[in-house]
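Heads up, the thing below is written out as structure tokens.
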Amino acid sequence: MTATIEVRNLQTHFFTRAGVVKAVDDVSFSVNRGEVLGLVGESGSGKSVTGFSIIGLVDPPGRIAGGSILYQGKDLATLPEREMRSLRGNRIAMIFQDPMMTLNPVLRIDTQMIETVLAHDKVSRDEARRRSRDALGMVGIPSPDERLMAYPHQFSGGMRQRVAIAIALLHNPDLLIADEPTTALDVTIQAQILAKVQELAAEHGTALIWITHDLSVIAGLADRIAVMYAGRVVESGTAAEILDTPRHPYTHGLIGSVPSRNKRGEKLRQIPGMTPSLLSLPAGCAFRMRCAHATAACETEPENTGEGTRFLRCFHPMEQAA
Amino acid sequence: MITWILRRLFQSTFVVLAMTVIVFVGVHVIGNPVDILISPEADQAERARIIANMGLDQPLWKQYAYFLGGALKGDLGRSFVFNEPALKLIAQRMPATLELAVTAVLFSMTFGVPLGLYAGLKPDGFLGRTIMAGSILGFSLPSFWVGLMLIMVFAVELGVLPSTGRGTTETLFGVPWSFLTWDGLRHMFMPALNLSLFNISLVLRLTRAGVRETLPMDFVKFARAKGLSPARVIFVHVLKNIMIPVVTVLGLELGSTIAFAVVTESVFAWPGMGKLIIDSINVLDRPVIVAYLMMIVMLFITINLVVDILYMILDPRVRLGGKS
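Order-wise, the sequence lines are chains A and B.
For reference, each letter of the first sequence is one residue, going 1 to 322 in the working numbering.
For reference, each letter of the second sequence is one residue, going 1001 to 1324 in the working numbering.
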């Protein structure tokens, strides 16, 4: 099976006045048709920027400084803006974190949906409206005909995220990038949205990149997981591998931080310190200052030390027992 | 919606009433028109007759009651000087001011919004910076000086535009208008530009600030992620959000533009209301001053109402609030 999208050694840098911020530095992964990749990391680990790089929406001063993003034999990293635009929202779609902010507050839902249809397909307005209505129905919005005429503020947060999903799926994209789409929602709504996206993606064979900082969200959803830290993938593998036998100390720490994994009455485990500033990353493993296992060896950048499909960047992998 | 408008109108009556008191009392504490209007040669009997004729022998509250009674019937008093109804005098001059002010506001839109949009999209470019620097001049240069400079350059040096008067007018609905003839438009260009300079700068800065604020919003990024053309993103998604503050400010500025066209009208000898009020203040022609101020009050109230209604059309969130 060929990959829907293959990211190779992607580097996205921000050229600020204070210096070059390497938000994404040498990230590689691929996602197959119908597969779900969980991209996990703390804030500032470069997971969102990776998503924006794929869809070509990195704003200056940032730009893709190296590597390639292969989609159907084309390299999206160097694709002209015009061609990129015809893919965006069509073959590659994205949904965002805050449903309160993703829909334009002064435009009706029908305007925002129909323009998306018309941006890529030469169809009549009536046909576009019909498709929009069907898409709303598909994501589980009751009486879609009426709701098309409503404004975003007349929807709840969960409903708005459904509208955003409906818009993203209007053209049955090959790849959907979901940038923490459930973070701002209630837990019950979260579960509904998760199930809906999973169902729709499976139905159309859409590859899914699910960006999150919450391992518990991704646990039941992802086929494979890539863990990012300070702009790099530090560990990746199948969901079961990562969750059951994390090898990188950072992944280990992340899993240990999930409250349900801790024993009741015990102090919650946490990773000491915080993500380093990307402006002044020291040479070597970026995690070594927070790592209990760090040695002098960690002052050089570790290359892939994993075996087989398992990718790992660590000189001191954890033992199998998590 | 209807109840909302009725409520607003009801509130407005109180504002108007309060303004009549303020204006009436205010005008009557400054100067005595008797000293200016009656020739020093007039004898005592004639003096008394004229004072009684103007109603100035009555106590202030009686004068006010008389004025209010007349106002309710649409009569704001007779000019001491012209011996004509004050309202008629103002009405004669109003079209000139109105077309000047409306053109000025149109200018602020047509120049301000595109310039602001450009400056907002390219804040670090040379042109963007130049526009912003220029807008500071628009704010700070005194209007009479700019008017004189315009005349110097376009009328005196280049000789391409006329500097005084309304030019040829064309009658529509029984009122002479300048904007209906080419000559009239040529006459109107400079005063309107002069009058709009401040507003152009204001709209420009508002638009730029709006663009800067709206561009990083998620919904703009989402619109781009949908694969829309940059033109659609900017002119539909961004601009519609920005138009709300711009329309509010422009609406309110229309009122002040009409009310304070005085300077421009004086510089370009534009026969509008501003010229009339200056002349009336000089001779303490109280009824005209009062009538003019009342007109302006009504104007501001009407404009505010219209702006609020426009607001509802532009911003659906306000619309919902109005209904509930």
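Note that beta-carbon positions come from the ideal geometry of N, C-alpha and C, so glycine has one too.
Provide the residue span of the beta strand (DSSP E) that contains residue i, from first to last.
{"i": "Trp-1061 (chain B)", "result": "Here Trp-1061 (chain B) belongs to no beta strand (DSSP E); instead the alpha helix (DSSP H) covers 1060-1072."}
{"i": "Asp-25 (chain A)", "result": "19-32"}
{"i": "Leu-170 (chain A)", "result": "No beta strand (DSSP E) holds Leu-170 (chain A); DSSP gives it neither H nor E."}
{"i": "Ala-93 (chain A)", "result": "92-95"}
Can you name the residues that DSSP bridges to residue i?
{"i": "Arg-63 (chain A)", "result": "A:His-13"}
{"i": "Asp-75 (chain A)", "result": "A:Leu-70"}
{"i": "Asp-179 (chain A)", "result": "A:Ile-211"}
{"i": "Asn-1053 (chain B)", "result": "Note: Asn-1053 (chain B) sits in no beta bridge, so no partner."}
{"i": "Tyr-229 (chain A)", "result": "A:Arg-232"}
{"i": "Arg-1078 (chain B)", "result": "B:Pro-1085"}
{"i": "Val-40 (chain A)", "result": "A:Thr-212, A:Val-227"}
{"i": "Val-1156 (chain B)", "result": "BP columns for Val-1156 (chain B) are empty, so no partner."}
{"i": "Phe-311 (chain A)", "result": "A:Ser-236"}
{"i": "Glu-6 (chain A)", "result": "A:Ser-30, A:Leu-70"}
Does the distance from the C-beta atom of residue i to that of residue j stay below 8 Å?
{"i": "Pro-1216 (chain B)", "j": "Ala-1086 (chain B)", "result": "no"}
{"i": "Ala-1045 (chain B)", "j": "Gly-1165 (chain B)", "result": "no"}
{"i": "Leu-1204 (chain B)", "j": "Gly-1116 (chain B)", "result": "yes"}
{"i": "Leu-1206 (chain B)", "j": "Val-1249 (chain B)", "result": "yes"}
{"i": "Leu-338 (chain A)", "j": "Ser-53 (chain A)", "result": "One cannot answer for residue 338 (chain A) here, as it falls past the ends of chain A, which runs 1 to 322."}
{"i": "Ile-242 (chain A)", "j": "Ser-257 (chain A)", "result": "no"}
{"i": "Ser-1196 (chain B)", "j": "Ala-1104 (chain B)", "result": "yes"}
{"i": "Thr-188 (chain A)", "j": "Ala-230 (chain A)", "result": "no"}
{"i": "Leu-1161 (chain B)", "j": "Phe-1189 (chain B)", "result": "yes"}
{"i": "Trp-1177 (chain B)", "j": "Glu-1265 (chain B)", "result": "no"}
{"i": "Gly-46 (chain A)", "j": "Ala-65 (chain A)", "result": "no"}
{"i": "Asp-168 (chain A)", "j": "Arg-108 (chain A)", "result": "A small fix is needed here, since residue 168 (chain A) is Ala in this sequence, not Asp. No; because the gap between Cβ atoms is not below 8 Å, this pair is not in contact."}
{"i": "Leu-1193 (chain B)", "j": "Phe-1107 (chain B)", "result": "yes"}
{"i": "Ala-222 (chain A)", "j": "Ala-239 (chain A)", "result": "yes"}
{"i": "Ile-1242 (chain B)", "j": "Val-1220 (chain B)", "result": "no"}
{"i": "Ile-114 (chain A)", "j": "Arg-125 (chain A)", "result": "yes"}
{"i": "Leu-176 (chain A)", "j": "Ala-135 (chain A)", "result": "no"}
{"i": "Leu-1307 (chain B)", "j": "Val-1247 (chain B)", "result": "For the record, residue 1307 (chain B) in the displayed sequence is Val; it is not Leu. Yes, the pair counts as a contact, with Cβ atoms nearer than the cut-off."}
{"i": "Val-233 (chain A)", "j": "Ser-28 (chain A)", "result": "yes"}
{"i": "Gly-253 (chain A)", "j": "Arg-310 (chain A)", "result": "no"}
{"i": "Ser-1163 (chain B)", "j": "Ile-1151 (chain B)", "result": "yes"}
{"i": "Arg-91 (chain A)", "j": "Pro-173 (chain A)", "result": "yes"}
{"i": "Gln-1063 (chain B)", "j": "Gly-1055 (chain B)", "result": "yes"}
{"i": "Lys-1240 (chain B)", "j": "Thr-116 (chain A)", "result": "no"}
{"i": "Leu-1254 (chain B)", "j": "Ala-1091 (chain B)", "result": "no"}
{"i": "Leu-70 (chain A)", "j": "Ile-141 (chain A)", "result": "no"}
Go to residue i, then tell me how far its alpha helix (DSSP H) extends in each direction, as first and last residue.
{"i": "Asn-1194 (chain B)", "result": "1182-1214"}
{"i": "Glu-324 (chain A)", "result": "Nothing can be reported for residue 324 (chain A): it is not among the residues displayed for chain A, which extend from 1 to 322."}
{"i": "Ala-1223 (chain B)", "result": "1218-1225"}
{"i": "Tyr-1292 (chain B)", "result": "1286-1314"}
{"i": "Trp-1145 (chain B)", "result": "1143-1150"}
{"i": "Pro-144 (chain A)", "result": "144-148"}
{"i": "Pro-249 (chain A)", "result": "249-257"}
{"i": "Thr-206 (chain A)", "result": "It is not in any alpha helix (DSSP H) - Thr-206 (chain A) carries neither H nor E in the DSSP assignment."}
{"i": "Leu-1009 (chain B)", "result": "1002-1029"}
{"i": "Ile-54 (chain A)", "result": "47-55"}
{"i": "His-120 (chain A)", "result": "109-120"}
{"i": "Phe-988 (chain B)", "result": "Absent from the structure is residue 988 (chain B), since the part of chain B shown begins at 1001 and ends at 1324."}
{"i": "Asp-134 (chain A)", "result": "125-138"}
{"i": "Thr-1264 (chain B)", "result": "1262-1267"}
{"i": "Val-1246 (chain B)", "result": "1239-1259"}
Assuming residue i contacts residue j under a Cβ cut-off of 8 Å, what Cβ separation, rounded to an integer in Å, is found between them?
{"i": "Pro-249 (chain A)", "j": "Cys-298 (chain A)", "result": "The pair is not a contact, with the Cβ atoms about 10 Å apart (cut-off 8 Å)."}
{"i": "Glu-301 (chain A)", "j": "Ala-283 (chain A)", "result": "7 Å"}
{"i": "Val-1290 (chain B)", "j": "Gly-1069 (chain B)", "result": "That belief does not hold up - the Cβ atoms of Val-1290 (chain B) and Gly-1069 (chain B) are roughly 14 Å apart, past 8 Å."}
{"i": "Ile-1301 (chain B)", "j": "Val-1015 (chain B)", "result": "6 Å"}
{"i": "Val-21 (chain A)", "j": "Leu-279 (chain A)", "result": "6 Å"}
{"i": "Gln-97 (chain A)", "j": "Ala-184 (chain A)", "result": "6 Å"}
Is residue i near the ligand NAD, judged by its Cβ being under 7 Å from some heavy atom?
{"i": "Val-1105 (chain B)", "result": "Inclusion of the ligand NAD in the displayed structure is not the case, the ligand content being empty and no account of it being possible."}
Residues of chain E with CB under 8 Å from residue i, in chain order?
{"i": "Gly-1128 (chain B)", "result": "You won't find chain E in this structure, because its protein chains are A and B."}
contact_flag[the region 1270-1287 of chain B, the region 1196-1216 of chain B] where n(CB pairs < 8 Å) is 3 or more: no
Does the contact criterion of 3 or more C-beta pairs under 8 Å hold for the region 212-224 of chain A versus the region 27-39 of chain A? yes
Three or more C-beta pairs closer than 8 Å, one from the region 132-145 of chain A and one from the region 57-77 of chain A: is that the case here? By the Cβ criterion, the region 132-145 of chain A is not in contact with the region 57-77 of chain A, since fewer than three pairs of Cβ atoms, one from each stretch, lie closer than 8 Å.
Would the region 1255-1270 of chain B and the region 1221-1234 of chain B be scored as touching if the rule is three or more Cβ pairs under 8 Å? no
Quick check: the region 180-190 of chain A against the region 207-215 of chain A, are there 3 or more CB pairs under 8 Å? yes
Touch test, the region 1286-1302 of chain B against the region 1011-1030 of chain B, Cβ-Cβ under 8 Å, three pairs minimum: The region 1286-1302 of chain B and the region 1011-1030 of chain B touch, with no fewer than 3 CB-CB distances between them shorter than 8 Å.
Please confirm if the region 158-175 of chain A is in contact with the region 94-104 of chain A, defined as three or more CB-CB distances below 8 Å between the two stretches. Short answer: they touch.
Please determine if the region 80-90 of chain A and the region 204-211 of chain A are in contact, where contact requires at least 3 C-beta pairs separated by less than 8 Å. no
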